[in-house]
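Protein chains in written order, with our numbering: chain L, 1 to 624; chain P, 1 to 128.
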């Protein structure tokens, strides 16, 4: 009896010790284990913001997808069957899936052995919800060739776990560009940033190029988190949810780009590309009054839904990143400066040396068949005389010429919110670094280089009464409900020339599209156009090529109340030495301008059109 | 002196029993209430979970429909469809567009209303 009593006491003492051991001595350790078994901290990824055009059309958005993963520790030796079931659904070869289904031990950056790969293997990203449902169905119906009813409970449990939990999905998002290649270089394309959180790889979309990159922080948003408990099947127990901080979604970016105008520009550029086969062709459509960029395109381009398929040069936004000699379009800056300084007037006559002029011992020539004698300043622009422009530049003198170059924004970044903008600073040098030939060479657009955007903004300043505007690409940032978070307004950079000078320049530039000018093909039927052609020799191996040209037309309309300014630039069209800005870029300008005018419903200002409509655009009485 | 227990009234004997019954009811009620509350918490948390899942599904579906709509409204798509359907669509020429003058910002003077207001000030009824 005593022995029995002692045994019972010893048993109670043993149990008591175990109780104290579990509840007191090892409390912290076991509590943490218990917590790890049930408590989960879940990262809640923010939704990346959309990119919209000026009219609210989606240019870039994010759609929910799944990342399909596997837990190799639950697969046992059934890798082959699982790979066979998943391969057709994931559209991956079985051989690629199979090795991922084995538990692996890896080393982290510190050289420590980690066992996360025992439980986690990523099989495929960007899987649609429909495909994931098919995978779930396929897994739940998997048969392993054994009669499971005759198996022991633990073995039955293994097969159940395999079916239900061995393959799982994580929520993810995929960037989608519904308009394909439209404005691809402006919008940019997505990349994936990977980092580890609690040993698990987390991927998030980041921007590469274009607005996706320059406004990445606004688009990205801020992740939230949830601390909660889960049951044995990893289902959340909502009642035990502890912390729940919702993610802050990325802001939507509304651009000044108009998708319809962008399409007009790109389709016309594509036609010209087909016809003239240049290395590249670019176009910009702006509103000179505000500096808004309505369209900006560079061909060849790429589809941001599949940027890897495009050659690297197609990813580049040549409008802002490439520098080129502006050729005769630069004469607009020289003549503007000279008129503004009252060095010349439009009616002053300048002798153009019958096409050959020596300056600093070096011959300057007009275009091949041009042997101009006396020309007025207006005619120098109309006929694009190199010698005339050089003589005007010489009259203006180097310091003033350089001053006007910089005041028109050349040699400095325009400030457009896009990455990789070149300033062309090294190509717009101060006069103390000029050669003795430079003063005559620069006014004709040689020995100086600009970006296409700088040049269109400079011509836009003339259209805008002499005021240079900062290019505006982003209209506003707004949240998902459309509430405006930040509104951007047009920004004036500086007044470059007086209003009177700008009016004189417009008058002179109107003559460029006349029958006597260099760009009659740029003339529009219903609008008065002002513009300037440019045909610049390309520098190949350090010398000016005789058969490779960069040709340009920059124009605006209606000339007396400019609404739209358009630049078209072709790099080395197949016409070679017979390529001229007015002949090749002029018609492209006209086609783009005609379609834009119709789309934007710009009132015509051509005297012929006004006469034909009886001056009648129109009053209510005339409607009756 | 001890009293005779037989002479005590029945009401006094039922007192402790009532107290005990009340205590039992209280404990049982609390227990049932606790279980009911736990059950409600579970039920509501399930409802929250279902509602969250439904919201997620609807949000995802909305996203997909937005992309679909954007596809359909894409200028490229519209241009292609217009060509395919061969409807003979062309941009309107400026001559085909009638432009109406913009209404002035200031409201036009409403002489009739002014007359009526003047009449009311003079004591006459206001009519429309």
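Every residue gets a Cβ at the ideal spot worked out from N, C-alpha and C, and that includes glycine.
Note that the structure is predicted; figures quoted are calculated from it, not measured.
Asked                                                                                                                                               : Found
Beta-carbon contacts of residue 401 (chain L) that lie in its chain and below 6 angstroms, excluding the five residues immediately before and after : 393
Three-state secondary structure assigned by DSSP to residue 44 (chain L)                                                                            : strand
Cα-Cα separation, residue 620 (chain L) to residue 603 (chain L)                                                                                    : Bear in mind that a pLDDT of 34 at residue 620 (chain L), under 50, signals an unreliable position, so the number given afterwards is only what the model happens to contain. The alpha-carbon atoms of residue 620 (chain L) and residue 603 (chain L) are separated by roughly 16 angstroms.
Under 9 angstroms from the C-beta of residue 63 (chain L): neighbouring residues of chain P                                                         : 60, 63, 64, 66 and 67
Beta-carbon proximity of residue 461 (chain L) to residue 323 (chain L), cut-off 7 angstroms                                                        : no
Residue interval of the beta strand (DSSP E) (run including residue 520 (chain L))                                                                  : Segment: none, residue 520 (chain L) is in no beta strand (DSSP E) and carries neither H nor E.
Closest Cα partner of residue 433 (chain L) within the set L:453, L:398 and L:571                                                                   : L:398
Cβ-Cβ distance between residue 471 (chain L) and residue 414 (chain L) below 7 angstroms                                                            : yes
8 angstroms contact criterion, which residue 223 (chain L) and residue 45 (chain L) should meet: CB distance rounded                                : 6 angstroms
For residue 225 (chain L), three-class secondary structure by DSSP                                                                                  : strand
Residue 141 (chain L) versus residue 23 (chain P): straight-line alpha-carbon distance, rounded                                                     : 56 angstroms
Residues of the region 168–202 of chain L with Cβ closer than 7 angstroms to any Cβ of chain P, in chain order                                      : 176, 178, 179, 180 and 182
Any alpha helix (DSSP H) of 4 or more consecutive residues that is wholly inside the region 36–114 of chain P                                       : 75–85
Backbone secondary structure at residue 625 (chain L) - three-state DSSP                                                                            : For chain L, the structure presents residues 1 to 624; residue 625 (chain L) sits outside this window and is missing.
CB contact check: residue 526 (chain L) to chain P, cutoff 7 angstroms                                                                              : yes
Limits of the alpha helix (DSSP H) - the one that residue 69 (chain L) falls within                                                                 : Careful: residue 69 (chain L) lies outside any alpha helix (DSSP H), inside the beta strand (DSSP E) at 58–70.
For residue 231 (chain L), the three-state DSSP class (helix, strand or coil)                                                                       : coil
Cβ pair residue 297 (chain L), residue 346 (chain L) closer than 7 angstroms                                                                        : no
Segment contact flag, the region 184–197 of chain L with the region 299–310 of chain L, C-beta cutoff 8 angstroms, min 3 pairs                      : yes
Top-ranked residue by Cα proximity to residue 491 (chain L), from L:600, L:329 and L:293                                                            : L:293
Local Cβ density within 10 Å of residue 175 (chain L), reported as buried at 16 or more and exposed below that                                      : buried
The beta strand (DSSP E) enclosing residue 483 (chain L), as first and last residue numbers                                                         : No beta strand (DSSP E) contains residue 483 (chain L), which DSSP labels as neither H nor E.
Three-pair Cβ contact test at 8 angstroms for the region 38–55 of chain L versus the region 242–259 of chain L                                      : yes
Extent of the continuous alpha helix (DSSP H) to which residue 129 (chain L) belongs                                                                : 129–140
With 16 other Cβ atoms within 10 Å as the buried cut-off, status of residue 35 (chain L)                                                            : exposed
Contact under 7 angstroms by Cβ, residue 254 (chain L) with residue 48 (chain L)                                                                    : no
Extent of the continuous alpha helix (DSSP H) to which residue 625 (chain L) belongs                                                                : The requested residue 625 (chain L) is not part of the displayed model; chain L covers only 1 to 624.
Cβ-heavy atom distance, residue 278 (chain L) to the ligand GDP, below 6 angstroms                                                                  : Only the bare structure without any ligand can be found here, which leaves the ligand GDP out of the picture.
Supposed contact pair residue 299 (chain L) and residue 281 (chain L) - C-beta distance, whole angstroms, cut 8 angstroms                           : 5 angstroms
The region 450–457 of chain L / the region 403–418 of chain L touching (three or more Cβ pairs under 8 angstroms)                                   : yes
Buried versus exposed, by CB contacts within 10 Å (16 or more), residue 607 (chain L)                                                               : exposed
Partners in chain P for residue 604 (chain L), counting only beta-carbon separations shorter than 7 angstroms                                       : 94
Boundaries (first-last residue) of the alpha helix (DSSP H) holding residue 29 (chain L)                                                            : 27–38
Per-residue contacts from residue 82 (chain P) into chain L (C-beta, under 7 angstroms)                                                             : Residues of chain L passing the Cβ test: none, with the nearest at roughly 12 angstroms.
C-beta neighbour in chain L for residue 49 (chain P), strict 7 angstroms                                                                            : yes
Cβ contact check for the region 324–333 of chain L and the region 529–542 of chain L: 3 or more pairs under 8 angstroms                             : yes
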